[in-house]
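Peer 1:
Numbering (my numbering), first residue to last: 3 to 110.
1. Alpha carbon to alpha carbon, what distance is there between residue 17 and residue 11?
2. Given residue 57, which residues of its chain have a CB within under 6 angstroms of its CB, disregarding the five upstream and five downstream residues?
3. Please work out which residues of its chain come closer than 8 angstroms, Cβ to Cβ, to residue 98, disregarding the five sequence neighbours upstream and downstream, and give them in chain order.
4. Grab the span of the beta strand (DSSP E) containing residue 47 for me, first residue to last.
5. Tell me which residues share the same chain as residue 50 and place their Cβ nearer than 6 angstroms to its Cβ, disregarding the 5 neighbours each side in the sequence.
6. Let's test the definition: count the other Cβ atoms within 10 Å of the Cβ of residue 96 and tell me whether it reaches 16, buried, or not, exposed.
7. Does the Cβ of residue 73 lie closer than 7 angstroms to at least one heavy atom of the ligand FMN?
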């Protein structure tokens with residue numbers, strides 16, 4: 003059984019857990035934008051993400067694109083296997099700035 007979507011914020015560090023799916027899209031977008039707005043760097047952990055759909059991936063991409071457009075860095079501190087695999091299946095790994103898959107959880 004999957005956990006509910008959860009957000010932990012600590013300044014410019016954001017930890018996302020549970021599913022990053024369409025029903026949590028607005029919460030996800032607002033949390034990402036708030037974290038990006040706080041400084042020149044935003045550190046995002048996806049280590050505890052259990053599932054991500056195409057909408058979730060698109061929101062992650064939109065946040066990365068917005069950060070880059072504002073000359074800010076969006077840094078993925080960790081990427082769960084679910085995020086990495088689903089991004090690869092959707093052909094979005096490069097757009098998201100994810101590195102090539104490794105075993106299990108990946109850090110960057």
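Glycine residues also receive a C-beta, built at the ideal position from the N, C-alpha and C atoms.
Peer 2: Inspection of the coordinates gives the following:
1. Counted from its first residue, the chain shown places residue 11 at position 9. Counted from its first residue, the chain shown places residue 17 at position 15. Residue 11 and residue 17: Cα-Cα distance of roughly 7 angstroms.
2. As a working mapping, residue 57 is identified with position 55 in the chain shown. Cβ within range, chain order: 24, 27.
3. In the chain shown, residue 98 corresponds to position 96, counting from 1. Contacts found: 59, 62, 63, 66, 78, 89.
4. Walking along the chain shown from the start, residue 47 turns up at place 45. Note, residue 47: beta strand (DSSP E), 43-54.
5. Here the question's residue 50 lines up with position 48 in the chain shown. Beyond the five residues adjoining it in sequence on each side, residue 50 comes within less than 6 angstroms, by CB distance, of 19 in the same chain, given in chain order.
6. Within the chain shown, the letter at position 94 stands for residue 96. So residue 96 counts as exposed.
7. Only the bare structure without any ligand can be found here, which leaves the ligand FMN out of the picture.
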